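To start, the structure under review is shown below, and the notes come after it.
In the working numbering, the protein residues as written are 1060 to 1160.
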């Protein structure tokens, strides 16, 4: 399902550049953007603006659909603690899920 979100081309390009156009979760070519804090989690949106660059990650369709409306830490738990491909781009002391809160 394709959505028509109001994400500017420049913001989309910046988000895709985070991983050189590869899916944050598996490293395959990204086909779109995933909201770290899902748009459906309105109670959290005041901390992470829905289309803010820090709330957008490149993702392939299978990973984006698999994550659904879960938060990063919920998705990570469902994947049995699997390290995501993009985790290696973060400093060792950074917890991405904490940044998204």
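Using N, Cα and C, we set each Cβ at its ideal position, and we do this for glycine too.
Since we're looking at a predicted model, the values are computed, not measured.
Asked	Found
Contact check, residue 1201 vs residue 1128 under 8 Å by CB: the rounded distance?	Outside the modelled stretch of the chain, which goes from 1060 to 1160, sits residue 1201, for which no answer is possible.
Count the other C-beta atoms from every protein chain shown that fall within 10 angstroms of the C-beta of residue 1068, then say buried if there are 16 or more, exposed otherwise.	exposed
Mind checking who residue 1118 pairs with in its DSSP beta bridge?	1091
CB residue 1012 to CB residue 1093, shorter than 8 Å?	The displayed coordinates of the chain run from 1060 to 1160. Any statement about residue 1012 would go beyond what the structure contains.
How close, in whole Å, do the beta carbons of residue 1072 and residue 1117 come, if the pair is a contact with beta carbons under 8 Å?	Incorrect: roughly 11 Å between the Cβ atoms, too far for contact.
In the DSSP assignment, find the unbroken alpha helix (DSSP H) run with residue 1134 in it and report its ends.	1131 to 1137
Quick check on residue 1135: buried or exposed, where buried means 16 or more other Cβ atoms within 10 Å of its Cβ?	buried
So, is residue 1097 buried or exposed, given that buried needs 16 or more other C-beta atoms within 10 angstroms?	buried
Taking the alpha-carbon of residue 1082 as reference, which of 1115, 1130, 1133, 1139 has the nearest alpha-carbon?	1115
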